[in-house]
Amino acid sequence: MSPVHEASRVEALLAERPDHSRDQLIPMLQEIQVREGYLSQAAMTELAVALDTPVASVYGVATFYNQFRFAPLGTHVIELCRGTACHVKQSLALQQHLQRRLKLRPDGNSADKRFTVLKVACLGACSIAPVIKLDGEFYGHLTIEKLDSLLDALDRDCYAAEEAGVA
Ligand code: FES
13 MSPVHEASRV EALLAERPDH SRDQLIPMLQ EIQVREGYLS QAAMTELAVA
63 LDTPVASVYG VATFYNQFRF APLGTHVIEL CRGTACHVKQ SLALQQHLQR
113 RLKLRPDGNS ADKRFTVLKV ACLGACSIAP VIKLDGEFYG HLTIEKLDSL
163 LDALDRDCYA AEEAGVA
């Protein structure tokens, strides 16, 4: 996504929300992340100008809260529940397996950028713990074997698309 495109979405947000006071900083950062999937440098810089706030302050606030991301999401998003019920049911082992298999970087993206793994609190499905959401779909009672099956299926789809010249 080009910086010009990102900036235009920020402009649209600013036009929708006429209150450009500094106490709008966090709500606007949240909204940009909803729309873009992450906070780009271009978006944060544009927001800083619009709110008449130093860019360093915007970065400071954004990096203080771990709800914000600074890299684009991968093609597939895995929300890994690390809530109490899932923790008791070995979600840490799932996390470690994802880390190894996908070669996750500190930003949660896989080395090939196909996957983003987000560690989240309770997904509200404790009765089927441990749980992940994969591209918005819930998968419960997960084991490492079931997780591998899901990832293998996505790999097969990817290779098939590449062979068909779609990817
Ligand atoms: S703790 Fe994982 S769904 Fe509730």
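Numbers 13 to 179, taken from my numbering, label the letters of the sequence shown in order.
Think of the CB as a built atom: it goes at the ideal place given N, C-alpha and C, for glycine as much as any other residue.
Of the listed residues the options, nearest to residue i (C-alpha basis)
i, options, result
"D160", "D124, E48, C93 and Q107", "Q107"
"G206", "D31, A27, A97 and G49", "The question about residue 206 has no answer, for the chain in this structure spans 13 to 179."
"H153", "L146, A83 and P142", "P142"
"L63", "L41, T128 and L104", "L41"
"E149", "D31, A137 and A55", "A137"
"I144", "R117, A68, A105 and Q79", "A105"
"T128", "S69, P30 and R81", "R81"
"R21", "R29, I44 and P30", "I44"
Beta-carbon spacing of residue i, residue j below 8 Å
i, j, result
"H88", "R126", "yes"
"N121", "A173", "no"
"L163", "L130", "no"
"R94", "A133", "yes"
"T99", "I156", "Sequence check: residue 99 is His here, not Thr. No. Outside cutoff."
Span of the alpha helix (DSSP H) around residue i
i, result
"L104", "S103 to L114"
"T155", "Premise fails: T155 is in no alpha helix (DSSP H) and is neither H nor E."
"C98", "T96 to V100"
"I140", "Careful: I140 lies outside any alpha helix (DSSP H) and carries neither H nor E."
"R47", "L37 to E48"
"S122", "Neither: S122 is in no alpha helix (DSSP H) and is coded neither H nor E."
Cβ shell of residue i (< 8 Å), same chain only, five flanking positions each side left out
i, result
"I38", "V73 and Y77"
"R34", "L63, D64 and T65"
"R23", "One point to set straight first is that residue 23 is Glu, not Arg, in the sequence displayed. Here the set comprises E58."
The beta strand (DSSP E) enclosing residue i, as first and last residue numbers
i, result
"V132", "F127 to V132"
"L92", "H88 to C93"
Exposure of residue i, with buried meaning 16 or more beta-carbon neighbours within 10 Å
i, result
"L25", "buried"
"A55", "buried"
"S139", "exposed"
"S103", "buried"
"S14", "Because S14 carries a pLDDT of 48, less than 50, the predicted location of this residue cannot be relied on, and no value is offered for it."
"E18", "Any reading at E18 must be qualified, since the residue scores a pLDDT of 49, below 50, and its modelled position is unreliable; the value itself is stated next. Under this definition E18 is a buried residue."
"K101", "buried"
"S69", "exposed"
Chain-order list of residues whose beta-carbon lies under 6 Å from that of residue i (same chain, five-residue window excluded)
i, result
"H32", "A62 and L63"
"A60", "V67 and V70"
Beta-carbon contacts of residue i that lie in its chain and below 7 Å, excluding the five residues immediately before and after
i, result
"D147", "H88 and V89"
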